[in-house]
Amino acid sequence: MGGWQTRYISTGNMASSSWALALTISLATILAVSCNSEVDETTRWRECMNSNQSIYDFQVETLQGEYTDLSQYRGKVILLVNVATFCAYTQQYTDFNPMLERYQQQGLVMVAFPCNQFYLQEPAENHELMNGLTNVRPGNGWVPHQELHIYGKIDVNGDNHHPLYEFVKESCPQTVDRIGKTEELMYNPVRPSDITWNFEKFLIDRNGNPRFRFHPTAWSHGEVVTPFIEQLLAERAN
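Those letters in the sequence shown? Residues 1 to 238, per full-length UniProt numbering, in order.
Written out as structure tokens, the structure is:
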């Protein structure tokens with residue numbers, strides 16, 4: 001599975017000093033993993049099934065440890081994504097702000113959940129996350145767009161997966177035949193419906209219903225997802 005590999009091993013519950021050490025070691029030892037150039041990434045998406053639930057039924061934790069309802073995004077089109085700082089796909093963050101700038105007036109928001117389950121590529125604790133994004137990767141003073149809402153770390157797979165991700169995985173078919181290498185997946189059990197890696201995306205309509213699921217590679221600076229976003233922005237909420 002594509003990603004950045006580091007020699008740093010984390011339990012996922014690090015002290016601030018350990019996080020600083022992780023940054024130093026990761027920057028010194030990151031190695032790129034090549035992707036299969038023969039794969040047609042534009043086909044790695046699936047349409048979701050109808051459900052009696054919506055994402056408005058779920059609460060999530062902020063970076064400050066407070067709980068909030070996703071119903072606050074009622075009437076918006078939502079791009080839901082699991083993220084990590086030390087991943088080959090982390091550069092997608094630099095595409096998020098221009099996309100939101102382009103479509104925010106039409107009702108697009110992004111909701112992001114850091115996760116450490118894929119090769120331990122998000123070792124930070126909640127209070128350290130924004131500092132890592134601003135100063136390390138993407139770095140160069142990067143700050144999220146006002147409509148890019150980054151929440152607290154969660155599990156997206158395994159026995160402790162967040163109920164929100166249990167719901168969207170049940171609603172949307174898997175995008176690929178193989179999930180990844182067992183030794184790179186830091187959770188159990190592994191299920192066919194699992195999130196495949198960091199930066200997998202779900203597109204949610206104005207009624208809170210999951211409509212499309214995208215593999216992390218189905219991106220191309222947002223060009224793969226944009227037609228689907230425009231389709232949902234053109235729809236009215238019930």
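Glycine included, every Cβ here is placed at the ideal spot set by N, Cα and C. Owing to the predicted nature of the structure, the values given are computational and were not obtained by experimental measurement.
Query	Result
I'd like the list of long-range same chain contacts for Gly222, defined as Cβ closer than 6 Å, with 5 residues on each side in sequence excluded.	Asp95 and Met99
On the DSSP bridge assignment, give the partners of Tyr67 in chain order.	Glu61
Looking at Pro210: is its Cβ nearer than 7 Å to the Cβ of Phe202?	yes
Could you say which of Ala237, Glu125, Gln146 and Gln106 lies nearest to Cys115 if we only look at CA atoms?	Glu125
Rounded to a whole number of angstroms, what is the C-alpha to C-alpha distance between Leu27 and Gly141?	Low local confidence applies: a pLDDT of 40 at Leu27 is under 50, so the model's placement there is unreliable, and no value is given.
Could you tell me which of His149, Leu79 and His215 sits nearest to Thr42, measuring between CA atoms?	His215
Within 10 Å of its beta-carbon, does Leu23 have 16 or more other beta-carbons around it, so buried, or fewer, so exposed?	Summary for Leu23: the model assigns pLDDT 45, below 50, so the residue's position carries little reliability, and this model does not support an answer.
Asn157 and Tyr187 - do their beta-carbons sit closer together than 7 Å?	yes
Assuming Ala84 contacts Asn198 under a Cβ cut-off of 8 Å, what Cβ separation, rounded to an integer in Å, is found between them?	4 Å
Below 8 Å, can you find three or more Cβ-Cβ pairs linking the segment 130 to 149 to the segment 172 to 181?	no
With DSSP as the reference, label Met49 as helix, strand or coil.	coil
Can you grab the Cα-Cα spacing for the pair Leu233 / Arg206, in whole Å?	8 Å
Tell me the DSSP bridge mates of Ala112?	Val81 and Ile150
Within a Cβ cutoff of 8 Å, which residues of the same chain sit near Pro163, ignoring the five residues on either side of it in sequence?	Phe58
Name the one or two DSSP bridge partners that Ile204 has.	Ile78 and Pro210
For Phe118, which residues does DSSP report across the bridge?	Leu185
Looking only at C-alpha atoms, which of Leu185, Cys48 and Thr226 sits nearest to residue 247?	What the structure shows of the chain is the stretch from 1 to 238, and residue 247 is not part of that stretch, so it cannot be assessed.
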